[in-house]
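The structure appears right after this line, and notes come after that.
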Amino acid sequence: MDESHQEKQSGHHDSLEREAAHRGLRKTGSRTLGWDTDHRDFPRNWPLRRKLYDACIIFFLEFYTTVMSTTGPSAAEEAMSEYAMSRVVMLTGFQFMYGAGQALGGLIMPPFSEALGRQKSYLVSAGAYCLSSLLVGLVPSPAGVFIGRFFSGFASSVPAIVLAGSIEDLYSQHPRLWLLWFWNCSTMLGIAVGPIYGSYIVDAIGWRWVYHISAITCAATFFLLIPVRESRPTTLLQRRFDNLQSKVGAVDMDIPNPDRINSTRELMQVILVRPAKIGVSEPILILVSILSASAWGMMYLFTESFTVVYSEFGWSSRATSLPFIALFPGIILSGFVRLWDYHQLKSRQKASQRPEPEDKIGGFAIAAPALAIGLWIFGWTVPPLVHVPWIASMFGLVLIGFAATEFSYTLSGYISDAYTIYASSGLAVQGFLRALASGCLPLFAYPMYSGLGSNVATSIIAAVATVYCVAPYIFLKHGRRLRENSPFARYSAKVNDEHGAD
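The sequence shown lines up with residues 1 to 502 when you count with full-length UniProt numbering.
In structure tokens:
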């Protein structure tokens, strides 16, 4: 009888392994199942056409919502007369509320996006963005602007959170380096395109059509997202495990799922407590986040300051958005730094050395002085104190475009590498400050530039950027010591050493 029982158990075990292998699962421990990463259904092994379609649609969603993030000032300028409200009040509705929604969404949405999976998160984002844009465009009241733009900002936080994970799911290390760079560039281009896009639509058919077109575009994107496949490995793993159990019955095994949240208390810990704790106790994260938010917010500040600067050349309101084009070459130039990053990574691998977070600072070390120089050039090639052709100021803007792109890419990468297991909390802090900066700085730009004059106002910003030039030295010389004095970064490094993570 014991022999018969053993044969039955052995047969059940063989059947379980066969069914698991058929679903792309394999044993990773005595009682755990994980992905067979060579299986055709593992996301990184999907056909190239499949991965390209998915990547293109989600990149477009992120790009378009970023474009819409900088259309607020153009719409606010025309809506002022319609609603008989001041510039600051309208900018608060169109721009600050968007940044506030994005800041809150960046804190709240990560655990929910992990529970929903990638594809459903994108669908929710596109659908919510469509509806909130309709609210802004159709409701004949400032309340529609304030509420609609807040929820647009909230919805826009989802692709910003989820897209990096999708790239991680679908692509291995080397293509991922370039795709993350492309994503960063497309985001910066979106910020620069938004004022041009918004001002030309406002001038041609009115400010409400900016949001009607947004609703139509996001509705179309929603339907294009339906064929996008779920790529989150843990979500797919859970589905396959559930399917396996429905086929062979209850299995005395489990699957590892680091995203699993078991209680409301744990949810609050992930959403609020840990980001708040890490945000006030980590000196290196505070420094990096302030640097990143300053460069990010400066791009949004230009949406208002360019109106003052270039109107002094006699340009129309619509034409004052065109200098954003000068940022484009600088954004693309950051690709040369990625070649250097790639060379550094290969050199480390060849020498069997693990990359350090400070390896990411090379681009930042170039960008910090480039930002200061670009701002000084821009500040002293425009009226009212200097009278030279407008083309001179464009050279400064090229440097600023390069620097802002490098600040965004390198500092986000530094947080990811320094905090590893706590990277999502660290990036949430950075994203929160960047979103607030994007909402707040445009409110002060117009009175600052019109009150002090473009030369003095830009010189103040350039002076701050000049102080920032010391930051790369601090990171390169003292970065390791700063990380050792930061509890979360120190613990992350310890876990990395124990597990031999790259």
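Just so you know, even glycine gets a beta-carbon here, dropped at the ideal spot from N, CA and C.
Item                                                                                                                                                                              : Value
From 402, 176 and 164, pick the residue whose C-alpha is nearest to that of residue 328; which is it?                                                                             : 402
From residue 120 to residue 79, what does the alpha carbon distance come to, in whole angstroms?                                                                                  : 35 angstroms
Report the rounded CA-to-CA distance for residue 309 versus residue 455, giving the unit in angstroms.                                                                            : 9 angstroms
DSSP has residue 254 in a bridge; who is on the other side?                                                                                                                       : 32
What is the rounded straight-line gap between the Cα of residue 243 and the Cα of residue 165?                                                                                    : 24 angstroms
Could you tell me the alpha carbon to alpha carbon distance between residue 286 and residue 486, rounded to whole angstroms?                                                      : 11 angstroms
Short of 6 angstroms in beta carbon distance, which residues of its chain neighbour residue 211, apart from the five on each side in sequence? Order them along the chain.        : 133, 136 and 137
Indicate the three-state DSSP secondary structure (helix, strand or coil) for residue 23 in the structure shown.                                                                  : coil
Residue 488: buried (16+ other C-beta within 10 angstroms of its C-beta) or exposed?                                                                                              : buried
I need the straight-line Cα distance from residue 181 to residue 247, nearest angstrom please.                                                                                    : 43 angstroms
Taking 7 angstroms as the limit between beta carbons, can you name the residues of its chain near residue 311, skipping five residues before and five after?                      : 320
Applying the criterion that 16 or more other CB atoms from any shown protein chain within 10 Å of the CB defines a buried residue, is residue 460 buried or exposed?              : exposed
Using a Cβ-Cβ cutoff of less than 6 angstroms, which residues in the same chain neighbour residue 214 once the five nearest sequence positions on both sides are dropped?         : 68 and 133
Spatial neighbours of residue 8 within its chain, please: CB distance less than 8 angstroms, with the 5 preceding and 5 following residues excluded, ordered by chain position.   : The pLDDT assigned to residue 8 is 49, lower than 50, so where the model puts this residue is not dependable, and the model offers no usable value.
So, helix, strand or coil for residue 221, using DSSP?                                                                                                                            : helix
With H, G and I counted as helix, E and B as strand and the rest as coil, what does DSSP make of residue 389?                                                                     : coil
Taking 8 angstroms as the threshold, find out whether the stretch 46–54 comes into contact with the stretch 412–424 through three or more Cβ pairs.                               : no
Where do the N-terminal and C-terminal ends of the alpha helix (DSSP H) with residue 485 fall, by residue?                                                                        : Segment: none, residue 485 is in no alpha helix (DSSP H) and carries neither H nor E.
Could you give the uninterrupted runs of the alpha helix (DSSP H) lying entirely in the stretch 54–127, keeping only those of 4 residues or more?                                 : 72–83, 87–91 and 97–116
Alpha carbon to alpha carbon, how far is residue 296 from residue 408?                                                                                                            : 7 angstroms
Which word fits residue 490, buried or exposed, when buried means at least 16 other C-beta atoms lie within 10 angstroms of its C-beta?                                           : exposed
Could you name each continuous alpha helix (DSSP H) segment of 4 residues or more that falls completely within the stretch 233–316, going from the start of the chain to the end? : 233–248, 264–268, 274–281 and 283–311
Going by DSSP, what residue range makes up the alpha helix (DSSP H) through residue 328?                                                                                          : 327–350
Distance check for residue 44 and residue 116, CA to CA, integer angstroms please.                                                                                                : 20 angstroms
Just checking my contact of residue 338 with residue 163 at CB under 8 angstroms: how many whole Å lie between their CB atoms?                                                    : At roughly 18 angstroms, the Cβ-Cβ gap does not stay under 8 angstroms, so residue 338 and residue 163 are not in contact.
Within the stretch 432–485, note down every full alpha helix (DSSP H) run reaching 4 residues or more, in order along the chain.                                                  : 454–468 and 471–484
Could you compute how far the alpha carbon of residue 364 sits from the alpha carbon of residue 472?                                                                              : 7 angstroms
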